[in-house]
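Worksheet for the structure shown next.
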Amino acid sequence: MSANPKKKKLSLAGQIFIALILAIIVGLCMMGCSDIAAKYIKPFGTIFLNLVKFIVCPIVLFSIMSGVMSMRDIRKVGAIGWKTIVYYLLTTACAITIGLLVGNIFKGIFPVLETTDLVYEANTSASFMDTLVGIFPSNFLAPIVNANMLQIIVMALLLGFSVVLVGEKMEGVIAATTRLTDVFMKCMELILKLSPIGVFCLLTPVIAANGPAIVGSLAKVLLAAYIGYLIQLIVVYSITVRTMGGMNPVTFFKGMLSTMIFAFSSASSVGTLPLNMEATQKLGADKEVTSFVLPLGATINMDGTAIYMGVCSIFIASCFGIELTISQMITIVLTATLASIGTAGVPGAGMIMLAMVLQSVGLPVEGIALVAGIDRLFDMGRTVVNITGDSSCAIIVSNAERKREARKAAKS
Ligand code: ASP
140 MSANPKKKKL
150 SLAGQIFIAL
160 ILAIIVGLCM
170 MGCSDIAAKY
180 IKPFGTIFLN
190 LVKFIVCPIV
200 LFSIMSGVMS
210 MRDIRKVGAI
220 GWKTIVYYLL
230 TTACAITIGL
240 LVGNIFKGIF
250 PVLETTDLVY
260 EANTSASFMD
270 TLVGIFPSNF
280 LAPIVNANML
290 QIIVMALLLG
300 FSVVLVGEKM
310 EGVIAATTRL
320 TDVFMKCMEL
330 ILKLSPIGVF
340 CLLTPVIAAN
350 GPAIVGSLAK
360 VLLAAYIGYL
370 IQLIVVYSIT
380 VRTMGGMNPV
390 TFFKGMLSTM
400 IFAFSSASSV
410 GTLPLNMEAT
420 QKLGADKEVT
430 SFVLPLGATI
440 NMDGTAIYMG
450 VCSIFIASCF
460 GIELTISQMI
470 TIVLTATLAS
480 IGTAGVPGAG
490 MIMLAMVLQS
500 VGLPVEGIAL
510 VAGIDRLFDM
520 GRTVVNITGD
530 SSCAIIVSNA
540 ERKREARKAA
550 KS
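Each residue of the sequence shown is one higher than the one before, counting from 140 in this note's numbering.
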């Protein structure tokens with residue numbers, strides 16, 4: 140069943156890569172006439188971006204709502220559920236902080252671009268209190284109409300929790316939300332199919348205006364993201380697996396190697412799930428724990444995606460000559476943590492969610508064009524981090540549960 144879609148996904152990645160190469164060639168050839176590229180090629184890229192913006196609101200609303208609704212199962216599994224959620228949230232917040240730190244360290248070598256007609260409306264004047272108040276919607280439709288991401292997240296959380304609290308009578312609503320999430324995911328998949336055209340049309344004018352410098356800067360932002368991924372893997376997970384999981388990190392990574400390689404080549408957490416289950420159980424995690432923790436992780440725990448969002452936000456801000464304030468960075472930590480929950484475990488989903496993070500701090504969504512051409516390269520690394528984070532959680536929760544059982548047995 141999985142052989143066919145995998146082939147299709149890979150070919151889309153190939154198409155995007157070809158689009159990137161073509162954009163570089165055509166862009167360089169048009170260096171003398173960049174206004175023509177901006178006038179006649181860029182509008183098609185704008186259409187692609189508009190579609191991305193169009194789909195991001197329903198995706199966030201519905202996927203976070205269905206994520207919260209799955210809490211009903213978490214209540215059923217009690218102790219395992221809460222430990223899992225806390226670990227997922229903490230490691231994701233840690234990941235986005237690493238992303239922002241690495242991004243800030245690399246900022247000095249990121250370029251400031253000639254961004255043709257792109258405009259940036261600074262929204263740095265709002266105070267922290269204003270930002271806080273602004274997160275809560277005062278109107279049911281306004282968050283969606285204005286594409287206010289933080290308000291949409293609050294709305295999704297409130298509605299999702301309300302459904303969980305109302306309880307059993309809500310089965311129909313939960314099923315409908317899951318179905319609608321599937322529909323929007325499909326829609327996102329269709330829009331992503333246009334990425335090669337989008338990438339070509341958005342990147343050509345930027346290269347025509349900036350010349351070859353931009354190509355080198357892509358290598359720099361990619362390097363920054365991979366350094367972030369490695370820190371999360373080698374430092375964060377090694378520490379958590381050793382201290383809370385009671386396992387030697389070398390044993391952990393050895394056991395995970397083939398699964399990590401599969402994640403790297405498939406760029407899909409969901410596609411890697413069966414392999415991850417097997418590997419994590421072989422490493423000693425309980426079956427009961429893995430069968431809850433890993434599917435949930437493949438849906439909501441995306442540490443690699445969070446790192447990518449941090450690095451790319453800083454990169455895009457510096458390309459547009461924007462200095463991010465501390466309160467904007469805090470907003471990025473919050474939104475990216477939630478955005479990674481809303482990211483589907485399929486190739487390219489993180490890029491759509493990056494649009495949401497950029498919107499939340501008023502950065503130009505057009506900036507996605509800069510990194511979209513090599514998104515697959517980012518995606519392969521972030522998926523490895525995503526699934527390793529899930530597996531580390533299963534090891535830790537299994538260990539904690541075993542200890543709890545032992546304590547219980549000792550008492551009785
Ligand atoms: N491809 C990633 C995953 O499956 C999600 C993303 O695009 O960040 O985990």
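Glycine is no exception: its CB is placed at the ideal position from the N, C-alpha and C atoms.
Per-residue burial, residue i [other beta carbons within 10 Å of its own, 16 or more giving buried]
i, result
"phenylalanine 279", "exposed"
"arginine 546", "exposed"
"lysine 181", "buried"
"asparagine 189", "exposed"
"valine 258", "Caution is warranted here: a pLDDT of 45 is assigned to valine 258, below 50, making its placement in the model unreliable, and the coordinate value is therefore given only provisionally. Its Cβ having fewer than 16 others within 10 Å, valine 258 is exposed."
"cysteine 458", "buried"
"leucine 329", "exposed"
"valine 322", "exposed"
"glycine 543", "A small correction: the amino acid at residue 543 is arginine; glycine does not occupy that position in the sequence shown. Answer is exposed; the Cβ neighbour count stays below 16."
"leucine 396", "exposed"
"alanine 261", "Its pLDDT being 43, under 50, alanine 261 is placed unreliably in this model, and the coordinates cannot settle the point."
"threonine 382", "exposed"
"cysteine 340", "buried"
"alanine 548", "exposed"
"isoleucine 461", "buried"
"serine 551", "exposed"
"tyrosine 179", "exposed"
"glycine 166", "buried"
6 angstroms CB neighbourhood of residue i in its chain, flanking five on each side removed
i, result
"threonine 429", "Met416, Thr419, Gln420 and Ala533"
"glycine 384", "Ile534, Ile535 and Asn538"
"threonine 263", "Only weak support exists for where threonine 263 lies, its pLDDT of 45 falling under 50; the coordinates are left without a value."
"threonine 317", "Ser205"
"asparagine 440", "Tyr227, Gly528 and Asp529"
"serine 479", "Thr231, Met441, Thr444 and Ala445"
Proximal residues to residue i (C-beta, below 7 angstroms), its chain only, five neighbours per side dropped
i, result
"alanine 494", "Val191, Lys192, Val195, Val504 and Ile507"
"serine 372", "The residue you asked about is not serine; residue 372 is leucine in the sequence shown. So the qualifying residues of the chain are Val524 and Thr527."
"leucine 296", "Ile203 and Val207"
"leucine 304", "none"
"isoleucine 163", "Ile346 and Val354"
"aspartate 256", "Its pLDDT being 46, under 50, aspartate 256 is placed unreliably in this model, and the value from its coordinates should be taken loosely. Excluding positions up to five away in sequence, the list reads Ala177."
"alanine 232", "Val472 and Thr476"
"proline 276", "Pro282, Gln290, Val293 and Met294"
"isoleucine 175", "Met169"
"valine 302", "Met208, Met309, Val312 and Ile313"
Own chain partners of residue i with C-beta closer than 8 angstroms, once the 5 adjacent residues on each side are dropped
i, result
"threonine 390", "Leu422"
"leucine 497", "Ser452, Ile455, Pro503, Val504, Gly506 and Ile507"
"lysine 426", "Gln420"
"threonine 470", "Thr270, Leu289, Ser499 and Val500"
Beta carbon of residue i nearer than 8 angstroms to that of residue j
i, j, result
"serine 531", "valine 380", "yes"
"leucine 289", "phenylalanine 187", "no"
"isoleucine 237", "isoleucine 465", "no"
"glycine 481", "isoleucine 198", "yes"
"glutamate 388", "leucine 412", "According to the sequence provided, residue 388 is proline. The question's glutamate does not apply to it. No, these two residues do not count as a Cβ contact at 8 angstroms."
"phenylalanine 245", "lysine 325", "no"
"alanine 437", "proline 486", "no"
"valine 450", "alanine 363", "yes"
"glycine 184", "glycine 306", "no"
"valine 272", "leucine 509", "no"
"serine 408", "threonine 522", "yes"
"leucine 159", "leucine 298", "no"
"glycine 489", "tyrosine 365", "no"
"leucine 200", "leucine 361", "no"
"serine 173", "alanine 286", "no"
Whole-angstrom C-beta distance between residue j and residue i, which should lie under 8 angstroms
i, j, result
"isoleucine 155", "glycine 512", "7 angstroms"
"aspartate 518", "threonine 230", "Contact doesn't hold; Cβ gap of about 19 angstroms is too wide."
"alanine 352", "proline 282", "Going by Cβ atoms, the distance from alanine 352 to proline 282 rounds to 39 angstroms, so no, they are not a contact pair."
"valine 241", "glycine 367", "4 angstroms"
"glutamate 540", "isoleucine 219", "7 angstroms"
"methionine 448", "alanine 483", "Incorrect: roughly 15 angstroms between the Cβ atoms, too far for contact."
"leucine 414", "phenylalanine 401", "5 angstroms"
"cysteine 492", "leucine 239", "It should be noted that the sequence gives methionine, not cysteine, for residue 492. 16 angstroms between Cβ atoms; not a contact."
The alpha helix (DSSP H) enclosing residue i, as first and last residue numbers
i, result
"valine 225", "218 to 245"
"tyrosine 368", "352 to 369"
"asparagine 538", "514 to 550"
"phenylalanine 403", "388 to 405"
"phenylalanine 454", "442 to 458"
"serine 202", "181 to 208"
"glycine 410", "408 to 421"
"proline 344", "334 to 349"
"lysine 426", "426 to 439"
"isoleucine 89", "Any question about residue 89 goes unanswered here, given that the chain covers just 140 to 551."
"alanine 378", "In the sequence under discussion, the amino acid at residue 378 is isoleucine, which differs from the alanine named in the question. That run of the alpha helix (DSSP H) goes 377 to 382."
"leucine 473", "465 to 481"
"alanine 488", "488 to 499"
Cβ-heavy atom distance, residue i to ligand 3, below 7 angstroms
i, result
"asparagine 440", "What this structure holds is ligand 1, not ligand 3."
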